[in-house]
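Asker:
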Amino acid sequence: MIRPCIGSNFGCVGQIMSTGKLGCVVNVAAAKETEITFEPSGKPKSIEKILIVGGGPRRT
């Protein structure tokens, strides 16, 4: 499942500043890869082409 970033910065940056822990309001599994087990969902019903734009923080 593709979970689009809504750019709220509430969970990711906001939580790091206030609690020191990373979180995400859209993807609850973010930064919890060792705590949450991921099971394959099987073969997709159809193949879709996607484009990922803005895959990380901007460097100035």
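The sequence shown begins at 44 in the numbering used here and counts up by one. Virtual Cβ for every residue (Gly too), placed ideally from N, Cα, C.
How far does the alpha helix (DSSP H) with Cys48 in it extend, from its first residue to its last?
Answerer: Locating residue 48 in the sequence shown gives position 5, counting from the first residue. Where Cys48 is concerned, there is no enclosing alpha helix (DSSP H), given that its DSSP letter is neither H nor E.
Asker: With Ser61 as the anchor, note down where its alpha helix (DSSP H) starts and where it stops.
Answerer: Counting from one through the sequence shown, the residue named residue 61 turns up at place 18. From DSSP, the alpha helix (DSSP H) with Ser61 extends over 55 to 62.
Asker: Our contact map puts Ala72 next to Leu65 with C-beta atoms below 8 Å; I'd like the distance itself, whole angstroms only.
Answerer: In the sequence shown, counting from the first residue as 1, residue 72 sits at position 29. In the sequence shown, counting from the first residue as 1, residue 65 sits at position 22. Not quite, the Cβ-Cβ distance comes to about 11 Å (not below 8 Å), so this is no contact.
Asker: Is the stretch 50 to 59 close to the stretch 67 to 86, with three or more CB pairs under 8 Å?
Answerer: At 8 Å Cβ cutoff, the stretches touch.
Asker: Taking just the CA atoms, how far does Gly50 sit from Ile95?
Answerer: Within the sequence shown, the letter at position 52 stands for residue 95. Within the sequence shown, the letter at position 7 stands for residue 50. Their backbone Cα atoms lie some 14 Å apart in a straight line.
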